[in-house]
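Every position in the sequence shown, counted from 1, becomes a number in our numbering once 50 is added.
Glycine included, C-beta positions come from ideal geometry on N, C-alpha and C.
Since this is a predicted model, take the numbers as computed values, not measurements.
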Amino acid sequence: MRRKYVLPELTREQRIVHEYLLLDEIDKQQWYAIVYLTIWKTEGLICIQ
Numbered sequence: 051m052r053r054k055y056v057l058p059e060l061t062r063e064q065r066i067v068h069e070y071l072l073l074d075e076i077d078k079q080q081w082y083a084i085v086y087l088t089i090w091k092t093e094g095l096i097c098i099q
């Protein structure tokens with residue numbers, strides 16, 4: 051038997067809060083390195099773990 055899980059819709063404010071929480075956690079644990087992406091000519095994050 052298969053179940054279809056549907057996540058509730060998030061408001062714009064909830065998405066912003068979740069993004070800040072995620073970025074704060076990434077910053078605390080230093081899971082990333084800031085690199086210069088030559089393809090897009092911009093800075094970006096890459097996972098280092």
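Can you give me the start and stop residues for the alpha helix (DSSP H) that residue 59 sits inside? It is not in any alpha helix (DSSP H) - residue 59 carries neither H nor E in the DSSP assignment.
Which listed residue (55, 74, 69) has its alpha carbon closest to that of residue 61: 69
If you draw a straight line from the C-alpha of residue 74 to the C-alpha of residue 51, how long is it? 39 Å
Just the Cα atoms here: how many angstroms apart are residue 55 and residue 64? 20 Å
Rounded to a whole number of angstroms, what is the C-alpha to C-alpha distance between residue 66 and residue 88? Computed Cα separation, rounded: 28 Å.
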